[in-house]
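Peer 1:
Residue numbers (my numbering): 8 to 77.
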């Protein structure tokens, strides 16, 4: 599973990193760690817009958004 640590980054950086990872392929799955609610919502919306079903888990330092592999 590919892991992107976008904690501390302001939008649109987390979305751009997630978009780039999607373009590279997510057959093994993809997880994105973010530290703001705005980034959480925007990355989740990106995945949903691509027809993916992300799960969101709250962590002490933010959120982890996971898209399982295909």
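Even for Gly, the Cβ is constructed at its ideal location relative to N, Cα and C.
In the DSSP assignment, what residue or residues form a beta bridge with residue 9?
Peer 2: Bridge partners of residue 9: 37.
Peer 1: Among the residues of its own chain, which have a CB less than 7 Å from the CB of residue 13, if the five just before and after it don't count?
Peer 2: Result list for residue 13: 20, 21, 24, 39, 40, 41, 46, in chain order.
Peer 1: Under a three-way DSSP split, which group does residue 71 fall into?
Peer 2: The answer is strand: DSSP assigns residue 71 an E or B state.
Peer 1: Return the chain-ordered list of same chain residues with a C-beta closer than 6 Å to the C-beta of residue 76, the five sequence neighbours on each side being excluded.
Peer 2: Only 34, 35, 36 meet the Cβ criterion.
Peer 1: Output the boundary residues of the alpha helix (DSSP H) element that contains residue 26.
Peer 2: Unbroken alpha helix (DSSP H) run through residue 26: 20-31.
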